[in-house]
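Participant:
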Amino acid sequence: MEDLRVYARVAPEQKLAIVEALQARGQFVAMTGDGVNDAPALKRADIGVAMGRSGTDVAKEASSLVLLDDNFATIVHAVEEGRRIYDNILRFIRYSMTSNAGTLWAIFLAPLFGLPLPLLPIQILWINLLADSLPGLALTAEAVEADVMRRPPRRPTEGVFSGGLGGFIAAVGFATGVLLLLFQWLAVREGLAWQTMVFTGVIAGRIAVALGVRSRQESVLRKGLLGNRFLCGAVLVTVALQLAAVYVPAFQRIFRTEPLTPRELGWTLGFGGLCSPCWRA
């Protein structure tokens, strides 16, 4: 099985033996077929693919998928689309859990360092409603990466947090929380509108993280900002709503905010840039 690539005129039991031999070596096996004699191997394979036009009813019933156009290129396109969807799920997990971990660390550690709680409950609710929904959902529309079909297959037993994702969430989440505490301490020491700055800085940081997690190979500067129009729109809407929460009097009363000066806003945007993993080359 490790040396042979082509088999000719094989019997039904031999097709089944080939599938089982590959599975015994830890392979995830897909089997295509159209005849009655393919049914045992189609049933035994991890993914059985029957021909929709020329395939028999027995082959279709034994399969997991039915290829309606009988074109093997469709299988390649389906694999590419499946990998894109899986990558986008990982992007959402990476973005959401990293951002929330940073906020949780800051809220947990602030009293231990003698600092007031960085955020009010209504502000936390606004952050979750605004930053977790719009940019997070927009990440699911990210286009397929150029190298997606050159990657080796994932192991069937591989978990979502494998491949360094768990470590990334833990490390970047903790670093973001520490930066947020440092940012709060500096704002308090300088007598600035620290709570509004922290509130806005968390939003800015989450936007930066959303832009940074779009690719694990390229930074946001290399990938470009316009590759995902849904994300661009989500970022613009998020920025506009957050500015309204800071500068519109009616929203100021709800969120307990105050207008930020240009200096305070500059500090806040700088903090957002530091929170991003965009430095990755």
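Residues 2 to 282 in my numbering are what the sequence shown spells out, letter by letter. Ideal placement from N, C-alpha and C gives every residue a C-beta, glycine not left out.
1. What are the start and end residues of each continuous alpha helix (DSSP H) run of 4 or more residues lying completely inside the stretch 108 to 168, in chain order?
2. In angstroms, rounded to a whole number, what distance separates the CA positions of Asp4 and Val173?
3. Identify whether Gly234 lies in helix, strand or coil by the three-state DSSP scheme.
4. Out of Val30, Gly164, Ala12 and Ile123, which has the shortest C-alpha to C-alpha gap to Ala46?
5. To the nearest angstrom, how far is it from the Cα of Asp39 to the Cα of Arg151?
6. How big is the Cα-Cα spacing for Glu191 and Leu232?
7. Quick one: what does DSSP say Leu214 is sitting in, helix, strand or coil?
8. In the DSSP assignment, find the alpha helix (DSSP H) that holds Thr269 and state where it starts and stops.
9. With distance defined between alpha-carbon atoms, name the residue in Phe114, Gly36, Gly202 and Pro157 nearest to Thr258.
10. Do you know how far the Cα of Pro136 is from the Cα of Leu261?
11. When every heavy atom of the ligand COA is checked, does at least one fall within less than 6 Å of the C-beta of Leu118?
12. Could you tell me whether the stretch 176 to 185 touches the stretch 238 to 256, where touching means 3 or more Cβ pairs closer than 8 Å?
13. Find out if the Cβ-Cβ distance for the pair Ala107, Leu181 is shorter than 7 Å.
14. So, under 8 Å CB-CB, Ser65 and Asp35 are touching, yes? Tell me the CB distance rounded to an integer number of Å.
15. If you draw a straight line from the C-alpha of Gly274 to the C-alpha of Ser163, how long is it?
16. Suppose you measure from the CA of Pro122 to the CA of Ile128; what does that come to, to the nearest Å?
17. How is Met2 classed by DSSP in three states: helix, strand or coil?
18. Can you tell me whether DSSP reads Ala51 as helix, strand or coil?
19. Where do the N-terminal and C-terminal ends of the alpha helix (DSSP H) with Val11 fall, by residue?
20. Helix, strand or coil: which one does DSSP assign to Leu69?
21. Could you check whether Val50 and Leu68 sit closer than 7 Å to each other, using their CB atoms as the reference points?
22. Measure the C-alpha to C-alpha separation of Ala144 and Ile255 and round it to an integer number of angstroms.
23. Identify the continuous alpha helix (DSSP H) that holds Ala40 and give its terminal residues.
24. Checking the sheet assignment: what are the DSSP bridge partners for Met32?
25. Restricting to Cα atoms, I'd like to know which of Trp268, Ala139, Val189 and Pro263 is closest to Ala211.
26. Which word fits Asp88, buried or exposed, when buried means at least 16 other C-beta atoms lie within 10 angstroms of its C-beta?
27. Three-state secondary structure (DSSP) at Trp280?
28. Of all the options Ala25, Asn229, Asp133 and Phe175, which has the alpha carbon lying nearest to the alpha carbon of Ile204?
29. What are the uninterrupted segments assigned as alpha helix (DSSP H) that are 4 or more residues long and contained completely in the stretch 164 to 209, given in chain order?
Facilitator: So, to answer that:
1. With a minimum length of 4 residues, the continuous alpha helix (DSSP H) runs that stay inside the stretch 108 to 168 are 122 to 131 and 135 to 140.
2. Cα-Cα distance, rounded: 44 Å.
3. Helix.
4. The shortest C-alpha separation from Ala46 is found at Val30.
5. C-alpha separation (whole angstroms): 29 Å.
6. The C-alpha of Leu232 is placed about 35 Å away from the C-alpha of Glu191.
7. A small fix is needed here, since residue 214 is Val in this sequence, not Leu. In the displayed model, Val214 falls within coil according to three-state DSSP, outside both helix and strand.
8. Thr269 -> alpha helix (DSSP H) spans Pro263 to Leu275.
9. Among Phe114, Gly36, Gly202 and Pro157, the Cα nearest to that of Thr258 belongs to Gly202.
10. Near 24 Å, if we compare the C-alpha coordinates of Pro136 and Leu261.
11. Because no ligand of any kind appears in the structure shown, any question about the ligand COA cannot be addressed here.
12. Flag = no, the stretch 176 to 185 and the stretch 238 to 256 do not touch.
13. Cβ distance < 7 Å, so Ala107 and Leu181 count as in contact.
14. With 8 Å as the limit, Ser65 and Asp35 do not qualify as a contact, their Cβ atoms being about 15 Å apart.
15. Approximately 27 Å, taken between the alpha carbons.
16. Cα to Cα, Pro122 sits roughly 10 Å from Ile128.
17. Coil at Met2, not helix or strand.
18. Of the three classes helix, strand and coil, the one that applies to Ala51 here is strand, per DSSP.
19. Where Val11 is concerned, there is no enclosing alpha helix (DSSP H), given that its DSSP letter is neither H nor E.
20. Leu69: coil per DSSP, three-state reduction.
21. Judged by beta-carbon spacing, Val50 lies within the 7 Å limit of Leu68, meaning their Cβ atoms are closer than that value.
22. Those two C-alpha atoms are separated by around 38 Å.
23. Looking at the DSSP string, the run of the alpha helix (DSSP H) that includes Ala40 is Ala40 to Arg45.
24. BP columns for Met32 point to Gly49.
25. Ala211 has its Cα closest to that of Ala139, out of Trp268, Ala139, Val189 and Pro263.
26. With a threshold of 16 other beta carbon atoms within 10 Å, Asp88 meets it and is buried.
27. Only weak support is given to the placement of Trp280: the predicted model assigns it a pLDDT of 42, under 50, and the value that follows is read from those uncertain coordinates. If DSSP states are grouped into helix, strand and coil, Trp280 belongs with the helices.
28. Residue Asp133 is the option with its Cα nearest to Ile204.
29. Runs of the alpha helix (DSSP H) spanning 4 or more residues and lying entirely within the stretch 164 to 209 occur at 166 to 190, in chain order.
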